[in-house]
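Student: Residues in the sequence shown are numbered from 1 upward in steps of one, following full-length UniProt numbering.
The beta carbon of each residue, even a glycine, is placed where N, CA and C say it ideally should be.
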Amino acid sequence: MTGYRVSDVMTRQVIYLPAETTLDEAARVMKEADIGDVVVTDGATLAGMLTDRDIVVRAVAERSDPASTTIGSIITREVVMIEQHSTAAEAAALMRERGIRRVLVCDAERKLVGIVSLGDLAMQLDPNSALSEISEQAPTV
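1) Could you check where the alpha helix (DSSP H) with Ala47 kicks off and where it finishes?
2) Roughly how many angstroms lie between the CA atoms of residue 211 and Ser73, to the nearest whole one?
3) On the premise that Val105 lies in contact with Ile82, defined as a C-beta separation below 8 angstroms, what is that separation, rounded to the nearest angstrom?
4) Are the Cβ atoms of Leu23 and Ser64 separated by less than 8 angstroms?
5) Let me know the secondary structure DSSP gives Glu90 once reduced to three states.
6) List the endpoints of the continuous beta strand (DSSP E) containing Val6.
7) Using the three-state DSSP reduction, which class does Ser117 fall into: helix, strand or coil?
8) Mind checking who Thr76 pairs with in its DSSP beta bridge?
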């Protein structure tokens, strides 16, 4: 990972959904885009992030109705960001420190420009590693 910047490995496709979006609609969007996360907004404000794991662990396990439960009610509201020129090693250290798998990526003005995941970092570190293969093959919701 030496020398790689977050901007070299991040996913630039960021999908935004309003907090009022239902779980079933969010899951459909994630499946169609083949992604495991969306950024949730409350008006013009960044409200948090929703991952495929949030849907399974927080909604399915609690038997929430996907047609009436909003994503705003289950999202992770603590948003962790890293600047795009940070190193991939710094991103990995931040994930380890916070116990998270994804970090939002911003530019110098704190404008969101992407998302970097543990899988993105693993693919860069060793495209043939088991973690890379799992990240590549893991189905999203």
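Tutor: Let's see:
1) Premise fails: Ala47 lies in the beta strand (DSSP E), 45-51, not in any alpha helix (DSSP H).
2) The chain is shown from 1 up to 141; residue 211 falls before or after that span and cannot be answered.
3) That belief holds up - the Cβ atoms of Ile82 and Val105 are roughly 6 angstroms apart, short of 8 angstroms.
4) Leu23 is a Cβ neighbour of Ser64, given a cutoff of 8 angstroms.
5) Collapsing the DSSP output to three states places Glu90 in a helix.
6) Per DSSP, Val6 belongs to no beta strand (DSSP E); it is in the alpha helix (DSSP H), 6-9.
7) Ser117 sits in a strand when the DSSP states are folded into three classes.
8) Beta-bridge pairing links Thr76 to Met49.
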